[in-house]
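Novice:
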Amino acid sequence: MSEAVNAYHSVTTLAEFREAERLRIKASHDEAQALGNAERRGERRANAKWKGIAKENEELRAQLAELKAKHGE
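The sequence shown: position 54 = 54 (the numbering used here), numbered continuously.
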């Protein structure tokens with residue numbers, strides 16, 4: 001068992017291993033950041049779409065009110 005532990009420690013102290021581990025952690029962080037950014041962009045697009053629909057509905061309601069007033073309803 002102690003041989004396995006010693007072998008593990010000798011591998012983990014290698015500069016190549018440390019650099020590979022640093023790059024793995026960085027890649028994981030970059031992926032999470034990209035996913036979060038994509039999610040926020042999607043939310044902004046959805047909010048903009050719904051605001052546009054609400055504005056359009058408001059304009060249609062105003063036009064309908066004008067027509068009703070014009071025709072005495």
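The beta-carbon is built from N, C-alpha and C at its ideal position, and this holds for glycine as well.
These numbers come from a predicted model, not from an experiment.
1. To which residues of the same chain is Leu64 closer than 7 Å at the C-beta, ignoring the five residues directly before and after it?
2. Which ranges does the beta strand (DSSP E) cover as unbroken runs of at least 3 residues, wholly within the region 45-69, from first to last along the chain?
3. When you compare only the Cα positions, how much space is there between Ala7 and Arg18?
4. Note down the Cα distance separating Arg22 from His29, rounded to an integer number of angstroms.
Specialist: Here's the rundown:
1. Here residue 64 corresponds to residue number 64 of the sequence shown, with the count starting at 1. In its chain, beyond the 5 residues on either side, no residue has a beta carbon closer than 7 Å to the beta carbon of Leu64.
2. Runs found: none.
3. Residue numbering aside, residue 7 sits at position 7 when the sequence shown is read from its first letter. Residue numbering aside, residue 18 sits at position 18 when the sequence shown is read from its first letter. Taking the straight line joining both Cα atoms gives about 15 Å.
4. For the purposes of this step, residue 22 is identified with residue 22 of the sequence shown, where counting begins at 1. For the purposes of this step, residue 29 is identified with residue 29 of the sequence shown, where counting begins at 1. Spanning the alpha carbons of Arg22 and His29 requires a straight line of approximately 11 Å.
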